Amino acid sequence: MKKNIYFNHDGGVDDLISLFLLLHMDNVELTGVAVIPADCYLEPAMFASRKIIDRFGNGGLDVAASNSRGKNPFPKDWRMHAFYVDALPLLNESGKVVTPVADKPAHLHIIDTLRATEGKTTLLFTGPLTDLARALDIDPAIEEKVERLVWMGGTFREAGNVHEPEHDGTAEWNVFWDPEAAARVWDSGIEIDLVALESTNQVPLTLDVRERWAAERKHIGVDFLGQCYAMVPPLVHFSTNSTYYLWDVLTTAFVGNSDLVKVQTINSMVITEGASQGRTVETADGRPVHVVYDVNRDAFFDYMTELAKKA
Ligand code: AGV
Ligand code: CA
17 MKKNIYFNHD GGVDDLISLF LLLHMDNVEL TGVAVIPADC YLEPAMFASR KIIDRFGNGG
77 LDVAASNSRG KNPFPKDWRM HAFYVDALPL LNESGKVVTP VADKPAHLHI IDTLRATEGK
137 TTLLFTGPLT DLARALDIDP AIEEKVERLV WMGGTFREAG NVHEPEHDGT AEWNVFWDPE
197 AAARVWDSGI EIDLVALEST NQVPLTLDVR ERWAAERKHI GVDFLGQCYA MVPPLVHFST
257 NSTYYLWDVL TTAFVGNSDL VKVQTINSMV ITEGASQGRT VETADGRPVH VVYDVNRDAF
317 FDYMTELAKK A
């Protein structure tokens, strides 16, 4: 049986690749897609999403735009990436965009879609949780329609990936953008699977990966991976603030194949104020989250590359 997946993303290269991969998973029924302007600009990320669905999907989907705003904005350079993906010739060959924009903003679209879908739905979030937090405030009963939340977010290590003034560096960006939203979701009864930096740190974009995609570019989907990941900096000598990891793609791969990773349950809370805002911390009386802390790197890259070959 196929799993119902509702996907809310924020238009980064790995968010858009995640959408592409979801459209090729035999065991996934994609029930809804929404874009939040966190690590992207909304317009190119909406167009890129609609064009990816046009090119690789089978119709029936629309894409909802979020009107949510975060507390701590993403750097502009990163938000630009959606423009580059949207401009790829592969996505513009037909000269038209068919997949419609949903008539409701993302936080209402999620409520409608959960209610209209038979059975339960897994929520896949690869950006901040703002739209989910707002949906829960408006209609808390949707919790009953949620199988679980799979979220790329957080870390329980000392080092996060936020390097900003007035911050101590302990947060992961998707939590940092809107810490209150994460805290709101922590307060809910939804089961949470966290694909945290513990595991995503193990899948940096490295040159051998790029070379593999280049060598296999005769497959249009593998060429698409290579073109998209040509836009972002790889890990060569050492990791910098702009080094790219396959954060969201690992999260999406986990939805398609949970055998790729190891999971451990941690009781935790979200810090919403001060220099550590956006940090997730372990506390004995905190709410349990299932943390993906380890990944079979080679099996992961094989899995995503094979999926791309189906395109
Ligand atoms: O913190 C990881 C999240 C993921 O959802 N995003 C990127 C992924 O889509 C923020 C981010 C952290 N470091 C980045 C990010 C970087 N160097 N470039 C772009 N985005
Ligand atoms: Ca993202």
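Using our numbering, the letters of the sequence shown map in sequence onto residues 17 to 327. Note that the Cβ used here is the ideal one computed from N, Cα and C, for glycine as well. Every value quoted in this text rests on a predicted model; they were computed, and no experiment measured them.
Any non-hydrogen atom of ligand 2 closer than 7 Å to M168 Cβ: yes
Alpha carbon of A174 to alpha carbon of F317, nearest angstrom: Here residue 174 turns out to be Glu, not Ala, going by the sequence shown. Approximately 27 Å between the Cα atoms of the pair.
Where the beta strand (DSSP E) through S284 begins and ends: V277 to V286
CA-to-CA distance, M247 to N190, given in whole angstroms: 21 Å
Reference G290; option with closest CA among S284, D184 and A98: D184
Closer than 7 Å to ligand 2: residues, by C-beta to nearest heavy atom, in chain order: H25, D26, G28, D30, D31, D55, T142, G143, M168, N190, W263 and D264
Cβ-Cβ distance between D194 and L145 below 8 Å: yes
Unbroken beta strand (DSSP E) run spanning K19, endpoints: K19 to H25
Assigned secondary structure, D55 (DSSP; H/G/I helix, E/B strand, else coil): coil
C-beta contact flag for L140 and L148 at 8 Å: no
Residues of its chain near Q218, where Cβ-Cβ distance is below 6 Å and the 5 sequence neighbours each way are ignored: V311 and R313
Close Cβ partners of V117 (< 8 Å) along its chain, the five nearest in sequence each way excluded: M62, R66, D78, V79, A80 and A81
Unbroken beta strand (DSSP E) run spanning Y309, endpoints: R303 to V311
Cut-off 7 Å between Cβ atoms - residues of its own chain near A315, not counting five sequence neighbours on either side: L276
The beta strand (DSSP E) enclosing I33, as first and last residue numbers: Counting along the chain, I33 falls outside any beta strand (DSSP E), though it belongs to the alpha helix (DSSP H) covering V29 to L38.
With 16 other Cβ atoms within 10 Å as the buried cut-off, status of G205: exposed
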